[in-house]
Amino acid sequence: MAYILEHVTVIDVEREKVFTGAIRIEGDTITAVYEGDAPETGARRIDLEGRYVMPGLIDMHCHIKEGFAPHFTAAGVTTVRNTAGNVIELEKLIHAPSDAPTPRVYASDRMIDGPPGLWGETALANFVTDDPEAARAEVKRQAAAGAQFIKVYGLLSKEAMRAVAEEAKQHGLEVSADLIHSSVTGVEAAELGVTWLEHASGIVQAMYPGWTMASTNVDIDWDQPDLERMEAVCRELLRHNVNLCPTLLVLDQIQQLPSPWEAEFLFKEDGRLSGSGTLNTHWSGLAQQEELLKTHMGFLLETVKAAAKTYRALGGTVVAGTDCPAGVWTYAGTGLHRELELFTGMGWTEMEALQAATSTAAASIGLTDRGTIKAGCKADLLILDQNPLESISNTQTIHQVIKGGRRYTHNDILGHMPSPAYLKQREEEVAAAFSLQKGRD
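For the sequence shown, the numbering used here begins at 33 and goes up steadily by one.
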């Protein structure tokens with residue numbers, strides 16, 4: 033059954049245009065967008081006078097789990113890019129109905145790391161090797177399993193990284209890298225075929241040859257980055273068409289300890305959005321190590337901000353992501369709203385910040401059916417009570433979320449939270465399926 037949203041202020045992020053108009057939705061798809069009134073067609077009409085509509089948000093760097101997947105959608109995040117995990121574990125989310133109360137998932141499979149493995153030995157979510165041929169075989173396996181891109185991690189050697197990039201290219205897949213703990217620089221990774229630098233990582237290594245996270249003999253002013261060196265590195269990355277996802281939230285929340293940002297716009301109505309009980313316990317424990325977190329990670333914040341700002345000023349692609357649930361208090365869904373605040377805090381306009389989590393984000397990974405409001409796109413929309421172009425914080429004034437054409441309040445969505453019993457059963461199913469796959473391999 034078709035319906036029309038009428039008398040609503042449409043925020044067209046693709047054309048950078050704002051107008052009062054109407055949107056016709058049929059099934060899970062936008063079928064028409066009108067400037068002004070929609071013609072009479074017999075479709076049900078929903079009057080949204082005084083409200084604003086924008087595309088559903090896209091979190092371009094997270095690690096989603098079924099246990100907190102609805103949190104994303106409740107906060108208006110209708111698509112996520114899952115940067116390492118396991119496609120077996122995400123199968124039900126990836127193949128969920130279009131109007132499900134969980135986000136659409138664009139997923140990599142397990143990260144490919146070097147020994148001894150920053151997250152331990154080879155397991156469900158990571159593959160550890162120093163053998164280029166084993167790395168190639170893992171890329172082939174991931175491509176066959178349905179991975180939509182490949183993720184490499186900080187201890188992988190140049191030789192294995194090159195093998196991953198070459199093999200991924202054969203399968204039409206991009207390679208994303210987290211180089212925070214790597215001796216490989218961002219420029220070297222780009223030359224090897226990496227096209228995504230998560231956390232804007234690898235830039236510092238390129239600015240200061242020989243520096244790694246373990247360095248103690250390199251004097252760097254982390255609060256006042258060397259912009260001349262940074263621009264030179266960014267120009268090299270731009271030459272290789274690299275994309276950056278800075279994930280400022282994960283660093284900012286650490287630096288804000290012991291009083292990090294909280295998403296009060298949803299918490300006040302439903303405390304469950306603070307995260308699952310497991311996540312809250314995890315974050316609370318980590319937060320007790322405030323000084324360790326700040327000295328081992330949070331100090332990068334101003335440098336990463338400068339990198340994102342410099343790269344975008346040169347014409348590079350920079351998108352918004354959260355790294356949820358890494359670090360501390362990187363809330364599922366709601367954290368992306370804070371990321372947008374951090375973007376405008378760097379001097380971006382509200383429209384530019386919105387684009388980083390909608391149209392630019394979708395285009396950067398070739399998703400042509402979302403991120404904009406136009407005929408043929410998925411009806412993934414966020415209806416707001418206040419104008420986000422006046423203040424980016426107004427993305428938090430959520431009236432309703434539309435996912436695949438279905439209208440939800442955030443409480444509607446939270447009614448679909450999975451039970452502990454279901455999650456336990458899924459854990460066992462995933463472990464069994466992974467064991468079976470290993471047996472075939």
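Glycine included, C-beta positions come from ideal geometry on N, C-alpha and C.
Under DSSP, C266 takes part in no beta bridge, so it has no partner. In its chain, beyond the 5 residues on either side, P102, T105, A106, P133 have a beta carbon closer than 6 Å to the beta carbon of I445. Scanning its chain for C-beta atoms nearer than 6 Å, with the 5 sequence neighbours on each side dropped, one finds around M143 the residues A116, N158, K183, Y185, in chain order. Inter-residue distance for S291 and L89 is about 26 Å (C-alpha atoms, whole angstroms). Contact check between the segment 90 to 101 and the segment 49 to 64: fewer than three CB pairs, one atom from each, fall below 8 Å, which does not count as touching.
By the neighbour-count definition (other C-beta atoms within 10 Å, threshold 16), G74 is an exposed residue.
Inclusion of V351 and L318 in the CB contact set at 8 Å is not warranted, their separation being larger than that value.
If you check the CB distance, W254 and L332 come in under 8 Å. For H203, no alpha helix (DSSP H) encloses it, and the DSSP letter there is neither H nor E. DSSP places P87 in the strand class (E or B) of the three-state scheme. Given a length threshold of 4 residues, each whole run of the alpha helix (DSSP H) inside the segment 398 to 454 is given here in chain order: 442 to 446.
According to the DSSP assignment, V112 belongs to the beta strand (DSSP E) that extends over 109 to 114. Short of 7 Å from the beta carbon of F51, and not among the five residues preceding or following it, lie these beta carbons of its own chain, in chain order: V42, E67. Separation of E72 and A54 (C-alpha to C-alpha, rounded to the nearest whole angstrom) is 12 Å. When D44, A222, D210, V433 are compared, the shortest CA-CA separation from T392 is found for D44. A distance below 8 Å separates the beta carbons of Y84 and N419.
Under the 10 Å beta carbon count, E384 is surrounded by 16 or more other beta carbons and is classified as buried. Assignment of I120 by DSSP, reduced to helix, strand and coil, places it in the coil class. Residue pairing by DSSP places F159 opposite I144 in a beta bridge. For Y343, the enclosing alpha helix (DSSP H) has its first and last residue at 333 to 345. A straight line joining the alpha-carbon of D417 with that of L311 spans about 30 Å. The segment 440 to 454 makes no contact with the segment 144 to 152, as fewer than three CB pairs between them are under 8 Å. Per DSSP, reduced to three states, the secondary structure at D284 is helical. A232 and L156 have their C-alpha atoms spaced approximately 26 Å apart.
The Cβ-Cβ distance between P135 and V112 falls below 8 Å.
Secondary structure at S208: strand, using DSSP grouped into helix, strand and coil. The segment 206 to 220 makes contact with the segment 236 to 246: 3 or more CB pairs, one atom from each, lie closer than 8 Å.
In this structure, G82 lies away from L414, with their beta-carbon atoms at least 8 Å apart.
Taking L346 as the centre and dropping the five residues before and after it, the same chain places the C-beta of C266, L270 closer than 6 Å to its C-beta, in chain order.
Straight through space, the alpha carbons of D79 and I405 are spaced by roughly 18 Å.
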